[in-house]
Structure formats: structure tokens, C-alpha cells
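*Asks:* Before I ask anything, let me first share the structure, which is written out below as C-alpha cells.
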Amino acid sequence: MSEKLAVENKRGLSPAALLVAGAFFMEFIDGTVIATALPDMAISFGVQAVDLNIGISTYLITLAVLRTTPKHQLITAIATLTWPALVAPIIGPPLGGFITSYANWRWIFFINVPLGILAIVLALRFIPDIHDDERHPFDIAGFIATSVAMVSLVYAMELLGAQQPQGWLTAGLLALGVMTFLFALHHFRRTAWPMIRLDAMSVPTFRITMYGGSLFRASISAVPFLLPLMFQVGFGMNAFHAGSLVLAVFVGNLTIKPATTPLIRWLGFKKLLLINGALNVLALLACALFTPQTPTWVILLVLYLGGVFRSVQFTGVSTLAFADVPVSQMSYANTLFSTATQLAVGLGISLAAIGIRIGDEISEWLALGNIPGSSFRLAFVMIAIICLVGMVDTLRLAPDAGSAVSNKNR
20 MSEKLAVENK
30 RGLSPAALLV
40 AGAFFMEFID
50 GTVIATALPD
60 MAISFGVQAV
70 DLNIGISTYL
80 ITLAVLRTTP
90 KHQLITAIAT
100 LTWPALVAPI
110 IGPPLGGFIT
120 SYANWRWIFF
130 INVPLGILAI
140 VLALRFIPDI
150 HDDERHPFDI
160 AGFIATSVAM
170 VSLVYAMELL
180 GAQQPQGWLT
190 AGLLALGVMT
200 FLFALHHFRR
210 TAWPMIRLDA
220 MSVPTFRITM
230 YGGSLFRASI
240 SAVPFLLPLM
250 FQVGFGMNAF
260 HAGSLVLAVF
270 VGNLTIKPAT
280 TPLIRWLGFK
290 KLLLINGALN
300 VLALLACALF
310 TPQTPTWVIL
320 LVLYLGGVFR
330 SVQFTGVSTL
340 AFADVPVSQM
350 SYANTLFSTA
360 TQLAVGLGIS
370 LAAIGIRIGD
380 EISEWLALGN
390 IPGSSFRLAF
400 VMIAIICLVG
410 MVDTLRLAPD
420 AGSAVSNKNR
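Positions 20 to 429 (this note's numbering) are the ones given, in order, by the sequence shown.
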């Protein structure tokens with residue numbers, strides 16, 4: 020994915036590239052749907068190809084929006100742009116269960132054909148032809164180092180969450196990932212034409228959303244996997260019932276969208292991210308209090324509010340990241356932000372597995388095995404703590420951070 024991003028940076032956004040992006044963007048939901056409906060297929064090459072296309076498409080579409088949207092309209096644009104990333108993992112489980120129960124798994128792919136055609140038509144009609152005049156050589160060393168670092172770190176995190184972790188292999192992968200990551204940072208600062216420029220890290224708002232924001236994105240990425248597992252494995256619900264409950268998060272994501280921009284303009288970024296971030300942590304902790312006897316309406320209310328807080332925080336962090344980035348640095352800043360986002364999503368899934376494993380150990384140590392879903396509930400506590408740690412960076416924001424976008428002081 021990183022190689023493709025770098026190539027597109029050099030060539031500019033052509034209509035052809037955007038047509039491909041529009042068509043593949045309709046596949047955004049497929050990864051989660053397939054993982055629910057066909058667990059064995061989820062580890063196949065085909066799903067990895069879908070994930071690759073998702074990464075490329077998301078990057079291209081985001082870059083097109085960032086480079087053509089005035090600063091004062093950036094909040095609304097990103098609020099619209101981010102909802103598929105929030106919605107897809109939530110509606111995937113119930114949709115996958117419904118399709119495989121009442122139709123055929125092949126329809127998971129067939130339903131994207133008319134949507135993809137519509138995306139092509141809309142791309143031809145509305146997306147401008149954007150070009151960069153500069154052409155630079157491809158950074159092979161940076162690409163290899165970044166790829167090795169990301170694969171090693173994600174795989175090591177996955178091994179940490181396994182039932183029988185391989186100690187030496189995990190330690191070796193962690194060491195390799197850290198070393199290649201440090202080499203990549205050193206290389207990007209020294210080479211003339213790096214694959215990923217780090218100039219945007221000098222912008223305080225971008226830097227803070229990269230650090231603390233990545234922890235937030237990792238924590239919320241774990242939720243769509245923890246909730247169905249807790250409901251099914253911990254509480255004994257069937258797949259469709261569990262997926263239907265999780266839809267409350269989706270409803271919360273969407274219903275708050277029209278209010279996101281007014282909230283940011285009213286409170287400003289710092290105050291909103293602190294207040295809403297604290298509420299998001301409380302919603303995660305509330306999930307840890309669920310039991311099989313919890314009334315359905317209480318579960319739905321908590322998940323709905325969690326979806327509201329999740330959506331507001333996601334939009335706020337994503338918008339603030341680019342609020343103060345100069346237009347000349349927008350392309351490389353988007354490459355860096357998109358790469359960090361994809362890595363955070365992958366780590367979020369691994370964190371969910373690690374949280375469950377830690378929960379198993381604590382449950383056994385404290386003799387909590389007779390409490391239904393205890394390991395999953397403890398995993399939610401761990402995820403909430405990670406989200407809380409991610410908020411520490413928000414305290415470092417200036418009171419008027421992102422005011423060029425929010426118009427808070429105007």
C-alpha cells in the first residue's frame with residue numbers, strides 16, 4: 020500500500036486513479052462482512068487484496084478532498100468522509116450473518132457491482148483532474164524499511180494475543196520492527212526524496228493527533244470485534260442477535276453527524292476532544308458492566324451513546340490533523356496520516372485479542388471464571404485505559420488549536 024501511495028504522490032490524482040478509488044471504496048465493508056460470514060476465507064489472499072484496495076482508495080479519496088476543500092469547509096467535508104470508516108465495521112457483522120443465512124455468501128460481492136458503477140459515474144461527474152508537475156524517484160529503501168517494520172509489529176502484536184504465544188519469535192519480531200522503524204525515521208529525515216516526508220510532524224496539531232489520536236483509533240477499532248465476541252461467546256447469543264445489538268453503535272454514528280460541525284465550532288477542538296473523549300472512555304467502561312441479565316434497552320442505549328461519542332471524536336481528531344497543515348505539505352501529510360491510521364486499525368484488532376488473553380489470565384487468577392464474559396469485560400477495561408492515555412496529548416493543545424478551521428475565535 021505504501022508503494023502505491025508514494026507513486027500516486029508523484030503522478031498526481033488522475034481521473035483514472037480516482038475511478039479505481041471510487042469503485043474499490045465500495046468494498047470498504049467487505050473485510051468485516053467476510054470475516055463474520057466466512058472466517059476461513061478471511062485469512063485468504065483475496066481478502067488481503069480487498070484490504071489493499073481499501074487502503075489505496077481511502078488515501079486517494081481523502082487526498083482529493085483535502086486538496087480541493089477550503090479550510091473553512093474542512094470540518095463538514097471530513098465529517099462526511101469519515102462515516103464509512105465508522106459504519107462499515109459496525110454493520111458488517113449483522114449484514115454478513117443476514118446474507119449467509121438467507122441468501123448466498125457470493126452476494127457479499129455481487130451487491131457491490133451496482134454501487135461500484137454508481138461510484139464510477141459520480142467520480143467522472145464530480146471529481147476534478149488534479150496533477151503535480153514534479154516527478155521524483157521512488158524511495159525503495161524507505162518502502163522496504165516501512166513495510167518490514169509494519170508487518171513485524173502487527174504480527175508480533177497478533178502473536179501476543181494468541182493462546183500459545185511463541186516467546187522468542189514474538190521478541191524477535193518486536194526487535195526487528197522497532198529497529199527497522201527507527202531506521203526508516205532516520206532515512207526519511209536524510210534522503211532527498213523520501214517516500215514519507217515528516218515535515219508535517221512539526222505542526223503541533225498534526226503531531227498531537229498522530230500520537231494520541233493513534234491510540235484512540237486503535238482502541239475504537241477493537242470495539243467492533245470485542246462486542247460481538249462478548250455477546251456470542253461470553254453471553255451465549257446467536258450471531259444475528261449479537262450483530263443486531265451492535266447496530267446501535269451504527270445508529271449513534273450516523274445520527275450525531277449533522278451536529279458534529281456545530282459542536283466543533285461551539286466548543287473548539289481542545290474542549291470538545293477532552294469532554295467527548297472522557298465520555299467515550301465512560302462508554303467503554305460501561306460495556307465492561309454488561310451481563311447476560313442486562314436489559315436489552317440498557318445495552319442499546321449504552322452502545323448508541325458510545326457510537327455518538329466515537330463518531331464525534333473520530334471526526335474531531337481527523338479534522339484537527341489537517342487544520343494547520345499548509346497546502347504544500349497536504350499530500351505527504353495525508354500519506355503519513357493514512358499509514359498511521361491503517362496501522363492503528365490493525366493494532367486495534369490485535370489489542371482486542373491481547374485484552375481477551377489478559378482477561379483470561381486475570382479471571383483465572385482471581386477465580387472469576389464463573390462470571391459470564393469476564394475476560395471480554397476486562398478487555399474493555401484495558402481498551403478504555405488505552406483510550407484514556409491517548410487523551411493526555413490533547414491536554415497539550417493550545418486553547419485555540421485548529422481555529423482556522425473551527426472559526427471558534429472568529
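No residue lacks a Cβ here, since even glycine has one placed at the ideal position from N, Cα and C.
If you check the beta carbons only, do Ala-261 and Phe-202 fall under 7 angstroms apart?
*Replies:* no
*Asks:* Considering only the beta carbon of each residue, do Ala-340 and Phe-269 sit closer than 7 angstroms?
*Replies:* At a Cβ-Cβ threshold of 7 angstroms, Ala-340 and Phe-269 do not count as neighbours.
*Asks:* In this structure, does DSSP put Asn-257 in helix, strand or coil?
*Replies:* Residue state, collapsed to three classes: coil.
*Asks:* Hey, out of Ser-330, Ala-190, Asp-158, whose CA is closest to Val-242's CA?
*Replies:* Comparing Cα-Cα distances from Val-242 to each of Ser-330, Ala-190, Asp-158, the minimum goes to Ser-330.
*Asks:* If contacts are defined as beta-carbon pairs under 8 angstroms, then Ile-381 and Ala-237 qualify, I think. What distance do you get, rounded to the angstrom?
*Replies:* Rounded, the Cβ-Cβ distance is 21 angstroms, inconsistent with contact.
*Asks:* Given this structure, state the Cα-to-Cα distance separating Ile-294 from Pro-418, to the nearest angstrom.
*Replies:* 14 angstroms
*Asks:* Rounded to whole angstroms, how far is the Cβ of Thr-354 from the Cβ of Ile-215, which I believe are closer than 8 angstroms?
*Replies:* Their Cβ separation, rounded to whole angstroms, is 6 angstroms, which keeps Thr-354 and Ile-215 in contact under 8 angstroms.
*Asks:* How about the stretch 184-202 and the stretch 318-334: do they share at least three Cβ pairs that are nearer than 8 angstroms?
*Replies:* At 8 angstroms Cβ cutoff, the stretches do not touch.
*Asks:* Who are the Cβ neighbours of Leu-282 in its own chain at under 7 angstroms, not counting the five residues just before and after it?
*Replies:* Leu-291, Val-331
*Asks:* Quick one: grab the DSSP three-state call for Met-198.
*Replies:* In this structure, DSSP gives Met-198 a helical state, which the three-state scheme calls helix.
*Asks:* So Val-300 is in the alpha helix (DSSP H); what residue range does that whole segment cover?
*Replies:* 288-306
*Asks:* Give the single residue among Leu-264, His-206, Pro-89, Val-252 whose Cα lies nearest to the Cα of Ala-160.
*Replies:* His-206
*Asks:* Which value, in whole angstroms, describes the spacing of the CA atoms of Asp-218 and Asp-379?
*Replies:* 43 angstroms
*Asks:* So, are the CB atoms of Ile-275 and Val-327 less than 7 angstroms apart?
*Replies:* yes
*Asks:* Enumerate in chain order the residues of its own chain whose CB-to-CB distance from Thr-95 is below 7 angstroms, with the five nearest sequence positions on each side excluded.
*Replies:* Thr-280
*Asks:* Starting from the C-beta of Val-344, find all residues in its chain whose C-beta is less than 6 angstroms away, skip the five residues before and the five after it, and write them out in chain order.
*Replies:* Ala-219, Val-222, Phe-225, Ala-352
*Asks:* Measure the C-alpha to C-alpha separation of Thr-210 and Leu-204 and round it to an integer number of angstroms.
*Replies:* 10 angstroms
*Asks:* Count the other CB atoms within 10 Å of the CB of Leu-157; is the residue buried (16 or more) or exposed (fewer)?
*Replies:* Before going on, a small fix: residue 157 reads as Phe here, not Leu. Exposed, since its Cβ has fewer than 16 Cβ neighbours within 10 Å.
*Asks:* Return helix, strand or coil for Met-229, following the three-state DSSP convention.
*Replies:* helix
*Asks:* Can you tell me whether Arg-144 is buried or exposed, with buried defined as 16 or more other CB within 10 angstroms of its CB?
*Replies:* Counting Cβ neighbours within 10 Å, Arg-144 comes out exposed, since fewer than 16 surround it.
*Asks:* For the ligand HEM, I want to know if Met-198 counts as a neighbour, meaning its beta carbon is within less than 6 angstroms of at least one of the ligand's heavy atoms.
*Replies:* Ligands displayed in this structure: none; no statement on the ligand HEM is therefore possible.
*Asks:* Does the beta-carbon distance from Ser-233 to Val-364 come in below 7 angstroms?
*Replies:* no
*Asks:* Classify Gly-135 as helix, strand or coil using the three-state DSSP reduction.
*Replies:* helix
*Asks:* Can you tell me whether Met-249 is helix, strand or coil according to DSSP?
*Replies:* helix
*Asks:* Alpha carbon to alpha carbon, how far is Gln-361 from Phe-64? Give it in angstroms, no decimals.
*Replies:* Its pLDDT being 40, under 50, Phe-64 is placed unreliably by the model, and nothing is read from it.
*Asks:* How many angstroms separate the CA atom of Thr-189 from the CA atom of Phe-309?
*Replies:* 33 angstroms
*Asks:* Give me, in chain order, the residues of the same chain whose beta-carbon lies closer than 6 angstroms to that of Val-300; leave out the 5 immediate sequence neighbours on both sides.
*Replies:* Only Ala-403, Cys-406, Leu-407 meet the Cβ criterion.
*Asks:* Please report how far the alpha carbon of Ala-297 lies from the alpha carbon of Leu-303, in whole angstroms.
*Replies:* In this structure, the straight-line span from the alpha carbon of Ala-297 to that of Leu-303 is close to 10 angstroms.
*Asks:* Would you decide whether Asn-389 is buried or exposed? Buried here means 16 or more other CB atoms lie within 10 Å of its CB.
*Replies:* By the 10 Å Cβ count, Asn-389 comes out exposed.
*Asks:* Over the uninterrupted alpha helix (DSSP H) stretch that includes Ser-350, give me the two end residues.
*Replies:* Note, Ser-350: alpha helix (DSSP H), 349-384.
*Asks:* May I have the straight-line CA-CA distance separating Ala-420 from Thr-334, to the nearest angstrom?
*Replies:* 15 angstroms
*Asks:* Would you kindly report the start and end of the unbroken alpha helix (DSSP H) that includes Ala-168?
*Replies:* 159-179
*Asks:* Look at the alpha carbon of Asp-356 and the alpha carbon of Ser-369, and state the distance between them as a whole number of angstroms.
*Replies:* Looking at the sequence shown, residue 356 is not Asp but Phe. So the alpha carbons of these two residues sit roughly 20 angstroms apart.
*Asks:* Compute the Euclidean distance between the alpha carbons of Leu-178 and Val-140, then round it to the nearest angstrom.
*Replies:* 43 angstroms
*Asks:* Measuring CA to CA, which of Gly-253, Asn-272, Phe-117 is closest to Gln-312?
*Replies:* Gly-253
*Asks:* Using alpha carbons as the reference points, say which of Leu-246, Leu-366, Leu-192 lies closest to Leu-397.
*Replies:* Out of Leu-246, Leu-366, Leu-192, Leu-246 has the C-alpha closest to the C-alpha of Leu-397.
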